[in-house]
C-alpha cells in the first residue's frame, strides 16, 4: 500500500497565499470596475446639473424672443413672441387699397408665418440648452409639425412659405363703389309704435 504524504506546511501556506492573492486580484478588479462605474455616474450627474442650470436662462431668452414678418406685398407686418402671442400688427397705407378678403388672407398668413417663426426660435433655444440630452431634435419636430399643419415641406421654414389660396376657393367679393352702399341713413331703423 502506498502511503500518501501529508502536505508540507510550507506548500499549504503558499497555496493559501496564492488563493488569497487570486481572490484579492479578482476583488480588486471588481472594485476598480465599480469605481469606474461610479465615476461615470457622477460625470453624468454633473452634466445633467450643468444643463438644467441653464433652464432659467433659457426661460428668459424665450420670454424675450420676437419674430417679425412682413407680407410679400409689404402691406402687413406682424410681430409674434413667446408662445405664439401676437404682440404687434401693422398695416401700411397701401393696405387700404387691397380688397378686404385679400387683406384678411394676407393678415392671417403673415400672423401664421410670424407665429411659426417664433416657434422655430423657441425650439432652437431649447436645442441649444439641452442639446441631445434627451435624444430629441426639438427644431426638427417643430418643422415637421408645421409642415403637416400648413402643408409646407419640412425643410422649408414656415416663415418663408408664400401665402396660398386653396384650390377651388372663390375669389373674395369686390368692395362696393363709394356711392353704392347699403347704409339706410334715410331714417331710424326701429319703428315707433
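Numbering (UniProt numbering), first residue to last: 1 to 193. All residues carry an ideal CB built from backbone N, CA and C; glycine is no exception.
Might you give, ordered along the chain, the residues of its own chain that have their beta carbon closer than 8 Å to the beta carbon of residue i, omitting 5 neighbours on each side?
i	result
residue 111	78, 80, 86 and 89
residue 98	73, 75 and 106
residue 51	129, 130, 131 and 133
residue 46	none
residue 13	none
residue 31	none
Could you say which of the options lies nearest to residue i if we only look at CA atoms?
i	options	result
residue 150	109, 130, 135 and 123	109
residue 58	141, 66 and 130	130
residue 199	43, 11, 38 and 66	This structure cannot settle anything about residue 199, because the visible part of the chain is limited to 1 through 193.
residue 91	82, 71 and 83	71
residue 60	125, 136, 145 and 142	125
Whole angstroms are fine: how far does the CA of residue j sit from the CA of residue i?
i	j	result
residue 105	residue 127	33 Å
residue 120	residue 139	6 Å
residue 55	residue 28	41 Å
residue 25	residue 43	27 Å
residue 83	residue 35	45 Å
residue 62	residue 68	15 Å
residue 40	residue 113	45 Å
residue 93	residue 64	29 Å
In the DSSP assignment, find the unbroken beta strand (DSSP E) run with residue i in it and report its ends.
i	result
residue 88	86-91
For the alpha helix (DSSP H) that residue i lies in, which residues bound it at each end?
i	result
residue 109	100-130
residue 142	138-150
Compute the minimum distance between the beta carbon of residue i and the heavy atoms of the ligand FAD, and state whether it is under 7 Å.
i	result
residue 140	The ligand FAD is absent from the structure shown, which contains no ligand whatsoever.
Only counting the same chain, and skipping five residues up and downstream in sequence, which positions put a Cβ closer than 7 Å to that of residue i?
i	result
residue 95	75, 76 and 103
Beta strand (DSSP E) runs wholly inside the segment 56-80, at least 3 long, in chain order: 66-70
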